[in-house]
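The structure under discussion appears below in the form of structure tokens.
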Amino acid sequence: MKSVMSYLGAIGAAQREAMDADERVIIIGEDVEANVYGTTGAGKARAAEGDFLQRYGKNRIRNTPISEEIIVGAAAGAAMTGLRPLVDLSYSSFTYLAMDQFVNQIAKNRFMFGGQASIPVVFRSAMFYGLNTGAHHSDRPYPMYMNVPGLKIITPASPSDAKGLLRSAIDCDDPVLIFEACPLWPMKEEVEEDEYWIPLGVGRTLREGTDITIVAISGAVPEAVAAAEELAKEGISAEVFDPRTLVPMDIEGIIKSVTKTGRLVVADPAHQTCSAASEISALVAEHAWDSLTAPIKRVTTPDTQIPFSPALEKHLYPNRLSIAAAARSVLKVSQPV
Amino acid sequence: MKSVMSYLGAIGAAQREAMDADERVIIIGEDVEANVYGTTGAGKARAAEGDFLQRYGKNRIRNTPISEEIIVGAAAGAAMTGLRPLVDLSYSSFTYLAMDQFVNQIAKNRFMFGGQASIPVVFRSAMFYGLNTGAHHSDRPYPMYMNVPGLKIITPASPSDAKGLLRSAIDCDDPVLIFEACPLWPMKEEVEEDEYWIPLGVGRTLREGTDITIVAISGAVPEAVAAAEELAKEGISAEVFDPRTLVPMDIEGIIKSVTKTGRLVVADPAHQTCSAASEISALVAEHAWDSLTAPIKRVTTPDTQIPFSPALEKHLYPNRLSIAAAARSVLKVSQPV
Amino acid sequence: MSSQLSKEFLLEAQRRMVRIRLFDERASKMVKRGQIPGTVHTSIGQEAQVVGACMALGDQDYMTGNHRSHGHPIGKGSPLSPLMAELVGKATGVCKGRGGSLHLADFSVGSLGESGIVGSSIPIATGAALSSKILNNGKVALAFFGDGAANQGNLYESMNLAGIWKLPVIFLCENNLYALSTPAHTVTSGVIASRAAGFDIPGIRVENGQNFIEVFDAVKTAVERARSGEGPSLIEVVTYRFNEHSEGLRLGVDYRDQNEKAEWLAKDPIVLFRDYLIQESIATAEELDAIFASVEAEVEEAFEFSQSSPFPDASDPYLNLYTEPFEVYA
Amino acid sequence: MSSQLSKEFLLEAQRRMVRIRLFDERASKMVKRGQIPGTVHTSIGQEAQVVGACMALGDQDYMTGNHRSHGHPIGKGSPLSPLMAELVGKATGVCKGRGGSLHLADFSVGSLGESGIVGSSIPIATGAALSSKILNNGKVALAFFGDGAANQGNLYESMNLAGIWKLPVIFLCENNLYALSTPAHTVTSGVIASRAAGFDIPGIRVENGQNFIEVFDAVKTAVERARSGEGPSLIEVVTYRFNEHSEGLRLGVDYRDQNEKAEWLAKDPIVLFRDYLIQESIATAEELDAIFASVEAEVEEAFEFSQSSPFPDASDPYLNLYTEPFEVYA
Ligand SMILES: Cc1ncc(C[n+]2csc(CCOP(=O)(O)OP(=O)(O)O)c2C)c(N)n1
Ligand SMILES: Cc1ncc(C[n+]2csc(CCOP(=O)(O)OP(=O)(O)O)c2C)c(N)n1
Ligand SMILES: [Mg+2]
Ligand SMILES: [Mg+2]
């Protein structure tokens with residue numbers, strides 16, 4: 002059965018499912034008892050079934066001190082010894098405080114110890130960009146983590162993907178980081194109420210097209226779809242592809258599309274340098290060069306910090322206008338007046 | 002006047018010059034008093050002129066506790082209030098402990114405060130890869146920092162570049178991270194003894210060529226030169242270009258070379274995904290696509306962690322063989338037997 | 035120490051407390067009306083703790099803070115208009131609209147930066163104290179942070195470094211009993227002030243943080259200690275925030291007890307200080323009313339300024355990112 | 035407590051201390067001969083502190099450590115051959131040659147990982163204690179770290195978390211007076227053990243860390259406390275490393291005083307414990323010599339194993355990176 006869920010509701014639903022299914026799943030994070038960010042009691046569950054604290058109790062819903070390094074490190078240690086923690090780090094900009102634990106322990110321990118450890122742990126964090134929350138709250142740092150082998154990274158861009166991917170992440174025996182774009186949180190759609198799993202590493206074609214491929218990531222996905230709709234009116238047929246997970250990355254899906262269209266624009270809300278867009282561009286320039294008929298264009302956030310002022314912020318991120326403009330420039334079509 | 006210096010000696014010389022020139026330059030780090038890593042008393046200075054502690058005293062040579070977060074943060078605070086700290090973080094794998102200070106304070110403060118702060122501080126760290134020092138000591142994390150606007154990043158690959166670039170970094174009013182590849186530390190050459198400065202953002206052509214451009218970074222530079230020499234014997238003329246600084250990046254230099262050769266291999270000891278190589282590939286695929294006559298190939302370290310065993314480690318990094326092989330494959334020339 | 039304070043000084047203290055109160059009340063309204071994007075975190079109820087600490091510092095001394103970000107600079111003497119313009123995101127803002135609430139600084143009064151990242155500015159203050167020590171310029175640095183931030187590891191690294199190097203820094207913990215929805219006692223093992231002893235530095239707990247004089251005296255002692263080369267101090271001030279964690283935030287749960295709230299609301303630091311000044315015959319009700327009225331006018335002026343100022347020019351997104359800009363391939 | 039210890043137990047303690055000594059001496063030689071790539075950090079001189087702590091734990095209990103990385107697993111009962119093979123980088127190594135010295139683990143004895151990053155494994159031990167608490171399986175976790183690591187902030191975050199949640203974890207600081215070339219007293223403000231009080235947990239300083247029984251007793255008390263649900267402890271053991279920080283390291287300066295060194299060398303934990311066992315008539319010199327001889331044989335066997343074992347197969351650089359590998363485009 003399907004019902005309408007917001008992205009945030011879907012995240013809550015996946016968490017509830019996983020906690021019901023497996024006692025070893027616990028939630029750790031700041032202010033998770035009070036459900037401050039709306040994910041530990043989300044969807045229709047809160048009113049109807051009580052919030053997570055009531056459902057699962059204090060032993061499994063663990064309100065922590067503001068100590069990101071130990072939250073992350075303790076979750077890793079717990080995951081190495083029998084639990085399956087789901088860690089709520091709230092804002093993505095707070096993950097840096099625990100970077101040593103991410104890179105030196107979580108990403109390395111299994112490999113370094115010859116497979117003795119497995120570390121089934123999920124870290125949720127939200128990217129509040131575009132909401133005038135200032136430079137300390139607007140980061141989109143997934144590219145930094147993509148450079149760290151041993152982590153899996155997912156960036157669902159719809160409620161259905163959020164539910165199915167988060168569930169797979171929780172059931173996965175490897176550490177997974179999920180980056181949620183807050184501009185997507187209110188997004189609603191029909192979502193399957195039963196349990197389902199979307200495998201990591203399989204992208205999704207949102208719209209078929211023949212002239213150009215637009216690979217879009219996270220919050221750029223709905224913008225890319227809107228751009229494609231706009232382009233369609235101009236007679237340009239754009240295919241929109243969302244890799245959904247960045248590690249593993251569905252490169253075959255991307256190459257398949259580029260092989261068909263011969264042109265590529267990558268829309269990625271991260272800072273440009275060493276972004277996911279850069280990686281996708283490099284992969285295509287290496288493995289699908291023969292199919293390309295035009296330069297690859299990245300539509301990213303410029304390499305600057307995020308200003309607070311509403312007059313300055315919004316237009317920095319990839320949007321339907323900038324994505325469509327990039328597509329036109331790749332196609333050497335001039336902008337309609 | 003020139004004299005033969007090792008890379009490490011050149012680092013020491015630049016530090017000594019800068020400390021002599023400006024009282025506000027201080028050195029902070031673990032075990033810097035005892036000159037454990039050989040840079041605070043390096044070159045011929047140690048025997049002849051005493052080490053840094055004797056020269057500059059305890060007020061300016063500051064042996065710290067093992068507390069990377071406060072070392073980095075305090076250096077930033079000191080830089081915001083009149084000092085010009087030079088921070089020795091020893092291994093690059095230790096920088097993660099201070100990631101919050103790097104990203105949220107050092108990179109953001111000047112922008113966020115509307116230009117009220119400037120943060121003249123340099124962070125040195127060494128990448129001990131290829132030396133069987135295990136996964137906790139072999140990282141090459143500059144790509145992660147390249148994704149953070151507000152930082153400048155340099156990766157000198159010769160003693161002369163090390164001296165001139167480090168000196169510019171110290172004299173720069175912005176925060177600069179310098180990543181030193183330890184395999185380069187013993188490298189020796191004639192270096193100018195007088196003061197000189199190499200501007201950030203200007204690359205260097207190590208070898209001219211017409212068939213293919215090899216852009217090489219850090220420890221991959223001498224390997225690329227060796228590969229080019231090997232290729233020359235096979236009648237292939239490879240141009241070798243070292244951007245020397247990653248932020249700012251000398252894209253014009255790269256494009257100029259690719260415009261001439263039409264082909265590009267990028268050799269970068271970092272992990273492949275979201276590497277500097279990915280960025281350079283993406284830049285060329287975007288801005289010099291019309292000049293390209295073949296796919297762009299990256300020669301990087303595979304996306305795995307670094308194993309300790311000498312049987313496993315060395316061949317993971319770009320070397321003359323893998324770089325030459327990549328060049329041949331781009332040129333569709335089969336490997337010589 | 036308090037006995038040596040001049041009338042002028044005491045009235046200035048009250049003026050700054052009233053400034054914080056009225057500025058924050060106005061900002062709160064503006065958030066609700068959509069005149070400020072995002073949110074603000076007010077210092078309402080904590081004015082004595084803020085101003086007591088700031089006025090124990092000299093004008094040249096340094097300070098860092100946190101997301102509760104306007105009280106501190108106002109306490110240190112910042113003019114209100116550029117602050118208000120900053121909250122609205124205007125070009126005339128103290129950070130040219132780039133910082134906004136939570137992320138602002140006013141170097142003109144020694145404010146080196148409030149930080150949206152909890153605990154992250156503590157090392158900055160420690161570093162400012164290091165430069166003061168090395169340059170021997172006699173400045174003291176003070177780091178404001180909350181009871182929540184007191185569990186970030188960098189505080190202990192900072193106390194240790196400042197302890198061994200005898201840095202002139204004061205770690206000032208604003209213990210308002212909660213970190214967002216989380217009661218301090220549920221996430222804090224032991225007493226915050228007592229954590230100083232293990233680092234061989236004084237740890238003082240000011241139980242009555244609603245009283246300007248008590249806070250001022252404790253911080254003043256620490257400032258003198260720092261200035262004379264004896265090193266850092268940790269001061270925990272017990273206080274209470276009267277408003278929600280941030281303006282406009284609605285939590286489904288009531289994490290603060292109604293009685294507790296009522297008890298604390300009765301300990302309004304501005305009222306307490308007013309009563310004290312009158313009782314001690316230091317000032318008359320009229321004088322204090324006049325201060326209130328003039329601050330009201332200041333806040334009104336700041337509001338007008340924030341409204342009439344232009345938004346910043348969006349043409350250069352890289353402005354001030356580096357001191358030496360470079361060409362970017364976008 | 036020590037009075038209850040059986041002869042068998044005490045001889046096993048001596049056996050493990052001798053194992054560490056002879057294993058590390060051999061490893062040191064191997065480094066000098068180029069038979070071990072990189073370097074190793076020995077626990078020579080610290081055997082009582084290591085074994086005293088490990089033997090206070092049960093076989094099922096957890097442990098994390100640091101770069102001084104073989105002493106801990108040997109103390110916890112690890113067989114020597116896979117350890118030695120690991121140091122050489124062989125396929126038969128306890129981590130299949132992927133870890134090497136500084137970065138190894140032996141899950142079979144509860145060793146969850148030594149860490150080359152100073153302080154970085156303290157949160158892992160804390161997390162293991164959390165799972166023990168939630169799964170209610172009665173296990174205790176112990177984190178070994180040095181006096182240098184005691185200045186990493188995550189120790190304080192860990193003590194706080196363990197304090198409020200009453201986690202069964204022991205923070206064991208091996209204070210060997212130096213962190214590399216740096217004397218602890220020059221970088222440590224206050225006494226490490228006394229830092230526990232601020233987090234409302236016991237802080238014990240074992241002054242005579244060369245004495246097995248004293249270390250054992252202190253840790254045993256903490257283990258019992260942890261196991262009975264009373265929470266964490268911090269134990270600082272004062273000891274000394276007899277060798278250089280790492281084998282083969284040559285520093286131009288002599289940062290350790292010759293008299294100090296001589297005094298400590300006279301406090302050899304293995305000699306002291308041998309004398310004690312003989313004096314108390316617990317064991318004869320012959321019995322102890324036999325232990326020594328049998329450990330010599332073990333170490334020789336481990337060496338032979340490390341030499342005769344094959345290097346790992348280099349064909350899959352991704353082996354064990356993930357539990358579910360995926361295709362990589364290289
Ligand atoms: C590193 C980090 N973690 C979490 C947050 C989210 N957050 C913002 S304020 C706050 C509570 C802070 O409490 P406290 O330090 O006591 O200050 P108060 O708000 O009570 O003044 C939290 C959890 C943050 N901004 N930074
Ligand atoms: C985070 C980090 N910083 C610095 C180092 C370099 N380093 C390795 S061991 C060491 C000294 C450690 O001293 P201590 O903790 O006292 O342990 P000991 O070696 O004395 O047993 C240092 C500085 C490191 N490995 N990790
Ligand atoms: Mg608080
Ligand atoms: Mg030590």
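Protein chains in written order, with my numbering: chain A, 2 to 338; chain B, 2 to 338; chain C, 35 to 364; chain D, 35 to 364.
Note that CB positions come from ideal geometry on N, CA and C, so glycine has one too.
- With fewer than 16 other Cβ atoms inside 10 Å of its own Cβ, C/Phe-43 counts as exposed.
- Per DSSP, reduced to three states, the secondary structure at A/Phe-53 is helical.
- Taking 8 Å as the upper bound for CB-CB distance, A/Asp-172 and D/Thr-357 are not in contact here, some 12 Å apart.
- The three-state reading of DSSP puts B/Ala-239 in strand, counting E and B together.
- Contact check for B/Thr-82 and B/Ile-62: beta-carbon distance about 20 Å, past the 8 Å limit, so the pair fails to qualify.
- Per DSSP, the continuous alpha helix (DSSP H) segment holding D/Gly-161 begins and ends at 156-169.
- Per the C-alpha coordinates, the member of D/Met-51, D/Ile-78 and D/Ser-166 positioned closest to D/Met-89 is D/Met-51.
- With a contact defined as Cβ atoms closer than 8 Å, C/Asn-194 and D/Asn-185 qualify at about 5 Å.
- If you draw a 10 Å sphere on the C-beta of B/Val-5, you find fewer than 16 other C-beta atoms in it, and that means exposed.
- Taking every residue with its beta carbon within less than 7 Å of a heavy atom belonging to ligand 3 gives, in chain order, C/Gly-180, C/Asp-181, C/Gly-182, C/Glu-208, C/Asn-209, C/Asn-210, C/Leu-211, C/Tyr-212, C/Ala-213 and C/Ala-218.
- Straight across, the Cα-Cα distance linking C/Leu-136 with C/Ser-62 is about 14 Å.
- Among the residues facing chain A, D/Thr-357 is included, as its CB has a counterpart in that chain under 7 Å away.
- Cβ neighbours of B/Pro-249 within its own chain (closer than 8 Å, five residues either side excluded): Lys-153, Leu-201 and Gly-202.
- Remark: the shortest separation between the CB of B/Ile-67 and any heavy atom of ligand 2 falls under 6 Å.
- The three-state reading of DSSP puts B/His-272 in strand, counting E and B together.
- For a cut-off of 8 Å, the C-beta gap from C/Glu-208 to C/Val-271 is around 6 Å, short enough to register as a contact.
- Judged by beta-carbon spacing, D/Val-329 lies within the 7 Å limit of D/Leu-56, meaning their Cβ atoms are closer than that value.
- A distance criterion of 6 Å places the beta-carbon of B/Val-73 beyond contact range of ligand 2, judged by its closest non-hydrogen atom.
- A/Arg-208 and A/Val-226 have their alpha carbons spaced roughly 7 Å apart.
- If you check the CB distance, C/Ile-158 and B/Asn-105 do not come in under 7 Å.
- Taking 7 Å as the CB threshold, A/Pro-150 stays off the interface with chain C.
- Judged by beta-carbon spacing, D/Ala-82 lies beyond the 7 Å limit of D/Leu-206, meaning their Cβ atoms are not closer than that value.
- A/Gly-58 sits exposed, since fewer than 16 C-beta atoms from the chains shown fall within 10 Å of its C-beta.
- Taken from the Cβ of B/Phe-95, at least one heavy atom of ligand 2 lies inside 6 Å.
- DSSP, read as helix, strand or coil, puts B/Ala-127 in strand.
- Distances from the CB of D/Val-305 to the heavy atoms of ligand 2 are all 6 Å or more.
- The beta-bridge partner set that DSSP reports for D/Phe-307 is empty.
- In the assembly as shown, B/Gln-102 is a buried residue. Its beta-carbon has 16 or more other beta-carbons within 10 Å.
- In the displayed model, B/Thr-134 falls within coil according to three-state DSSP, outside both helix and strand.
- With a cutoff of 7 Å on beta-carbon distance, B/Ile-324 and B/Glu-193 are scored as not near each other.
- Listed in chain order, the alpha helix (DSSP H) runs fully inside the region 260-319 of chain B are 277-288, counting runs of at least 4 residues.
- At a threshold of 6 Å, D/Val-152 counts as near ligand 2, since its beta carbon sits closer than that to one of the ligand's heavy atoms.
- Listed as beta-bridge partners of A/Met-6 by DSSP are A/Glu-190.
- Short note on C/His-106: C-beta not closer than 6 Å to any heavy atom of ligand 1.
- By the Cβ test, the region 268-285 of chain A is in contact with the region 269-289 of chain B, since at least three Cβ pairs between them sit closer than 8 Å.
- Taking 6 Å as the cut-off, one finds at least one heavy atom of ligand 2 near enough to the beta carbon of D/His-101.
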